[in-house]
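The block underneath contains the structure these notes are about, expressed in structure tokens.
See below:
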């Protein structure tokens, strides 16, 4: 999911 | 969010402020690589496309908008009011002027942008436009500082604020690695090899710089690269 991937970081 | 990531993000934020403060204060962008700044602008524009379709937090959204606008401002300043102080000769890559004869940005395009894009086509988290651009942005960020480091290598020494800027960006990357380790042990299903590998490569690129920066700070001496 989005929250648990690198994509919730900057 | 953990303290390592928050500190990393804050250092990243400070890095833009340091660079802008320095350029405005000295009315000059001498020693700053326009190529690195343009690469960072491409990085942020590609990665933060998700601003349009996915919301993580207000914090993330504000930081993304700040990173894009600060970098765009820096690039704009370098192309306009501080253009005369831009050190173009020391911002040339080895391949400049020779890549396939005459394609415009030469070295940066041939050695940095194209390889990163090809890698993104091969290693990504999904074969669709956003995922490929996202992977591309991760790879590109890993090497975007290279023109700046090459510039430092050519001039051998850097102005204090430019060095502080590079230090902040490097330290931010280092803190992100600690953040990943922390997340790996505290979150379930947290697994992102693509980001980890690129991030470690990116951080290693700063190792040399950190070493000489630390020597200079320790001895209270001027920062000077060998060679």
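Residue numbers (the numbering used here), protein chains in the order written: chain A, 731 to 740; chain B, 21 to 247. For glycine and all other residues, C-beta sits at the position ideal for the given N, C-alpha and C. Predicted model, so just to flag it, every value in this text is computed and none were measured.
Tell me the rounded alpha-carbon separation between residue 185(B) and residue 201(B). Residue 185(B) and residue 201(B) have their C-alpha atoms spaced approximately 25 Å apart.
Please check if any C-beta of chain A sits within less than 8 Å of the C-beta of residue 143(B). So no, residue 143(B) is outside the interface.
What residue does the alpha helix (DSSP H) around residue 32(B) start on, and which one ends it? Residue 32(B) -> alpha helix (DSSP H) spans 23-46.
Taking just the CA atoms, how far does residue 111(B) sit from residue 119(B)? Note that residue 119(B) has pLDDT 47, beneath the 50 cutoff, so the model's placement of it is unreliable and no number is given.
Compute the beta-carbon to beta-carbon distance between residue 152(B) and residue 164(B), rounded to the nearest angstrom, for a pair I have assumed lies under 8 Å. Incorrect: roughly 18 Å between the Cβ atoms, too far for contact.
Please say whether residue 24(B) and residue 198(B) have beta carbons closer to each other than 8 Å? For residue 198(B) and residue 24(B), yes; Cβs fall inside 8 Å.
Measure from the alpha carbon of residue 85(B) to the alpha carbon of each residue in 102(B), 61(B), 100(B) and 99(B), then state which is nearest. Ranking 102(B), 61(B), 100(B) and 99(B) by Cα distance to residue 85(B) puts 61(B) first.
Applying the criterion that 16 or more other CB atoms from any shown protein chain within 10 Å of the CB defines a buried residue, is residue 22(B) buried or exposed? Residue 22(B) is classed as exposed because its beta carbon has fewer than 16 other beta carbons within 10 Å across all chains shown.
Assign residue 50(B) to one of three DSSP states: helix, strand, or coil. If DSSP states are grouped into helix, strand and coil, residue 50(B) belongs with coil.
Sequence-distant residues of its chain with Cβ nearer than 7 Å to residue 68(B) (five each side left out): Cβ contact annotation for residue 68(B) (same chain, cutoff 7 Å, sequence separation greater than five): 84 and 88, in chain order.
Is the Cβ of residue 80(B) closer than 8 Å to any Cβ of chain A? For residue 80(B), the answer is yes, since a Cβ of chain A falls inside 8 Å of its Cβ.
How should residue 739(A) be labelled, buried or exposed, when 16 other C-beta atoms within 10 angstroms of its C-beta is the threshold for buried? Residue 739(A) is buried by the Cβ-count criterion.
At least one CB of chain A closer than 8 Å to the CB of residue 234(B): is that the case? Not one chain A Cβ lies under 8 Å of residue 234(B).
Just to confirm my understanding: we take residue 178(B), look at its own chain, exclude 5 residues before and 5 after, and list those with CB closer than 7 Å. What are they? For residue 178(B), where only same-chain residues beyond five positions count, the Cβ hits under 7 Å are 51, 172 and 243.
Is residue 170(B) closer than 8 Å to residue 66(B) when the C-beta atoms are compared? A distance of 8 Å or more separates the beta carbons of residue 66(B) and residue 170(B).
Taking Cβ-Cβ distances shorter than 9 Å, what residues in chain A pair up with residue 83(B)? Under the 9 Å cutoff, chain A gives 740.
Which of helix, strand or coil DSSP assigns to residue 246(B): Of the three classes helix, strand and coil, the one that applies to residue 246(B) here is coil, per DSSP.
Using a Cβ-Cβ distance cut-off of 8 Å, determine whether residue 222(B) contacts chain A. No - not a single Cβ of chain A is within 8 Å of the one on residue 222(B).
If the cut is a Cβ gap below 8 Å, which residues of chain A does residue 154(B) touch? Result: 737.
Is there a C-beta anywhere in chain A that falls below 8 Å from the one on residue 193(B)? It does not: the Cβ of residue 193(B) has no partner Cβ on chain A nearer than 8 Å.
Based on Cα-Cα distance, which residue from 56(B), 131(B) and 47(B) lies nearest to residue 100(B)? Answer by Cα proximity: 47(B).
Residues of its chain near residue 32(B), where Cβ-Cβ distance is below 6 Å and the 5 sequence neighbours each way are ignored: The residues are 192.
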